[in-house]
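Each residue of the sequence shown is one higher than the one before, starting from 3 at the first, in my numbering. C-beta atoms are modelled at their ideal positions from N, C-alpha and C, and glycine is treated no differently. Reading through the structure tokens given below for one structure.
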Amino acid sequence: MPLPTPHPRKPMHTRKVEYRGFERDDGLWDIEGELLDTKPHAFEIEGEGEWAPHEPIHHMHLRLTLDNNMVIREVAVAMDAHPHAPCPQAMDPMQGLIGETLGRGWRKTIEGHLGGIQGCTHLRELLFNLATAAFQTRSASFAPTADGRPPMHLGQCLAWDFNGPVVEKVYPLFFRWQPPEKHQARSGALEPQRTK
């Protein structure tokens with residue numbers, strides 16, 4: 003269903019973001035992100051230069067190589083277009099993500115390595131949603147964990163509510179599932195807990 007017809011307006015800015023996921027021949031996974039900012043009119047940043055209509059202001063690429071545990075093994079970054087001379091200095095700190103895991107706490111991990119003046123706003127933005135693209139790329143992401151816990155996406159949105167009809171139909175084992183009590187988690191007893 004399309005959006006309602008907007009009030010008369012004129013275009014001012016376009017940001018395109020794309021993610022692509024690949025399974026490699028060596029058993030690893032490549033997840034790539036690309037960000038492109040353009041404007042339909044010429045503009046100037048004082049002291050930095052002028053941009054023609056549709057000339058990229060930001061054009062950035064990144065690739066994370068992951069293993070089956072979602073641990074980052076390699077990081078590649080490119081900045082084809084950026085508005086300020088120091089911008090490429092934000093690429094080297096990206097290597098600090100090697101060894102980190104995509105999963106819960108991913109945004110906190112990004113902020114810890116690349117937050118504030120340690121990194122680039124636009125690369126951080128690409129990284130935020132790259133985890134979802136990685137999840138969608140790997141079919142194993144949708145399976146229960148080895149220790150019997152539900153897949154990571156359950157309980158994270160309205161459709162995947164443990165008490166909802168989608169979980170009941172697609173993952174009946176986890177319908178009305180509750181996290182185990184702390185003492186059960188420590189003892190290793192991870193039987194699904196259900197509400198009545």
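{"query": "Local conformation of residue 75 per DSSP, three classes", "result": "strand"}
{"query": "Counted within 10 angstroms of its Cβ, other Cβ atoms place residue 148 as buried (16 or more) or exposed", "result": "exposed"}
{"query": "Heavy atom of the ligand SAH within 6 Å of residue 102 beta-carbon", "result": "The ligand SAH is absent from the structure shown, which contains no ligand whatsoever."}
{"query": "Counted within 10 angstroms of its Cβ, other Cβ atoms place residue 191 as buried (16 or more) or exposed", "result": "Any answer about residue 191 is weak, because its pLDDT of 45 lies below 50 and its placement is not dependable; what the coordinates show is given next. Counting Cβ neighbours within 10 Å, residue 191 comes out exposed, since fewer than 16 surround it."}
{"query": "Rounded distance between the beta-carbons of residue 34 and residue 75, thought under 8 Å", "result": "No, residue 75 and residue 34 are not in contact; Cβ-Cβ is about 15 Å, not under 8 Å."}
{"query": "Cβ-based neighbour list, residue 42, same chain, cut-off 6 Å, excluding 5 preceding and 5 following", "result": "13, 55"}
{"query": "Residue 85 burial status per 10 Å Cβ neighbour count (16 or more: buried)", "result": "exposed"}
{"query": "Three CB pairs or more closer than 8 Å across the region 116-124 and the region 154-164", "result": "no"}
{"query": "Per-residue burial, residue 24 [other beta carbons within 10 Å of its own, 16 or more giving buried]", "result": "exposed"}
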